[in-house]
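What follows is one structure encoded as structure tokens, with my remarks underneath.
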Amino acid sequence: MRKLVFLSLAFITSLTFTSCKKGENDPAISLKSRDARITGEWKLTNLSGDFIDRYENSDGTVSSYKQTLSYTDGKVTVTDQDGESQTFEFLLDLNLEKDQNMTIYHYLNGDGSFEEYTHKDQWYWLDGVKKKTQIYLPGFNEITYLGYDDALIVERLSDKELHLRINTSSAMDDSYFGEESQEYFILMEFEKE
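In my numbering, each residue carries its 1-based index in the sequence shown increased by 21.
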């Protein structure tokens, strides 16, 4: 009987611990819910990805242009398919509060231009109470220029790490000029401050 009670308690405990895990890359065991883990001040530590532009002219000629992003020591480097690169100072901080208030701080400096933004709004989960694998950060793409959408995929969420992915695309079809499409594949890694 004692063994049965112990096994039952162990089973219930394991369900409790793993129920806080939602993402594929989340820690195997977490004592905190996703809501509790995502709140706090987050600082960008890594950024990588690709921008791909495709053009199909009205005569059927297809061309594409690819840029790759990398991030080191507070600087983002954009390298094009020809190997040419530009480096900019790039800082990004998120403050996500329990009451769903948020602040996005973004700083960009390079090529003689300087931009600094602070945006305040409300964040929320996009895919309901159960899943919590996508987060909506209003104003995110507008101030960072990363993608076309403020919806981000939560790739990993631990107490100290947050990985957000952007997979967006847009297309424009013009019978005179042809078709243009853009795709963004970006992974951002944050650490809790």
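Backbone N, C-alpha and C define an ideal beta-carbon position, used for all residues, glycine too.
Beta-carbon proximity list for residue i, same chain, < 8 Å, skipping 5 on both sides
i           : result
residue 181 : 212 and 213
Euclidean distance between Cα positions of residue i and residue j
i           : j           : result
residue 29  : residue 88  : Interpretation of residue 29 is limited by its pLDDT of 47, a score under 50 that renders its predicted location unreliable; no figure is taken from the coordinates.
residue 45  : residue 106 : 34 Å
residue 83  : residue 52  : 52 Å
residue 194 : residue 57  : 44 Å
residue 205 : residue 152 : 24 Å
residue 73  : residue 131 : 22 Å
Range of the contiguous beta strand (DSSP E) that encloses residue i
i           : result
residue 172 : 172-178
residue 214 : No beta strand (DSSP E) contains residue 214, which DSSP labels as neither H nor E.
residue 73  : 61-78
Neighbourhood of residue i by C-beta, 6 Å cutoff - its chain only, sequence neighbours within 5 removed
i           : result
residue 117 : 59, 60, 123 and 144
residue 75  : 85 and 202
Element boundaries [alpha helix (DSSP H), containing residue i]
i           : result
residue 192 : No alpha helix (DSSP H) holds residue 192; the beta strand (DSSP E) holding it covers 182-195.
Beta-carbon gap between residue i and residue j smaller than 9 Å
i           : j           : result
residue 142 : residue 64  : no
residue 92  : residue 69  : yes
residue 164 : residue 185 : no
Sequence-distant residues of its chain with Cβ nearer than 7 Å to residue i (five each side left out)
i           : result
residue 158 : 123, 125, 144, 171 and 173
residue 189 : 168, 169, 170 and 205
| Is the stretch 173-188 close to the stretch 99-113, with three or more CB pairs under 8 Å? | no
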